[in-house]
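Taking it in order: structure first as structure tokens, then the write-up.
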Amino acid sequence: DTVKRFVMMLPLRDASGENVGEIVIAYKNPADSHKTEKDFFLASTALRDGLMKKIQTYAALFEPAK
58 DTVKRFVMML PLRDASGENV GEIVIAYKNP ADSHKTEKDF FLASTALRDG
108 LMKKIQTYAA LFEPAK
């Protein structure tokens, strides 16, 4: 794969703020995209924060899907 990528590694927490692991997010970053590290950081943290609200607890991650 020759496409340039920007990779973010962020702590992942549950809704109460307890650490449940790490999330790795990779974005394609072609030379003509003109996106900055700040753009990728803001997008990554928004995605991570949205997921945090949906994770009640670490144990809930391993419960059967409803």
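Here the sequence shown is numbered in the numbering used here, starting from 58 and rising by one per residue.
Quick reminder that beta carbons are idealized off the backbone N, C-alpha and C, glycines included.
Bear in mind the structure is a predicted one, so any value in this text is a computation, not a measurement.
### Reduced DSSP category for Glu94 - H, G, I as helix; E, B as strand; rest coil
Taking the first residue of the sequence shown as 1, we reach residue 94 at position 37. Glu94 falls in the helix class under three-state DSSP.
### Query
How big is the Cα-Cα spacing for Arg70 and Val64?
Taking the sequence shown and counting its residues from 1, one reaches residue 70 at position 13. Taking the sequence shown and counting its residues from 1, one reaches residue 64 at position 7. Taking the straight line from one Cα to the other gives about 19 Å.
### Query
Using a Cβ-Cβ cut-off of 6 Å (strictly less than) and excluding sequence neighbours within five positions of Val81, which residues of its own chain qualify?
Position 24 of the sequence shown, counting from 1, holds the residue named residue 81. Met66.
### Query
Do Arg62 and Asn86 come within 8 Å of each other at the CB atom, strictly closer than that value?
Against the sequence shown, residue 86 aligns to sequence position 29. Against the sequence shown, residue 62 aligns to sequence position 5. A contact, by the Cβ cut-off of 8 Å.
### Query
Mapping DSSP to helix, strand and coil, what is Gly107?
For the purposes of this step, residue 107 is identified with residue 50 of the sequence shown, where counting begins at 1. Helix at Gly107.
### Euclidean distance between Cα positions of Gln113 and Ala83
Residue 113 sits at position 56 when you count from the first residue of the sequence shown. Residue 83 sits at position 26 when you count from the first residue of the sequence shown. So the two alpha carbons sit approximately 25 Å from each other.
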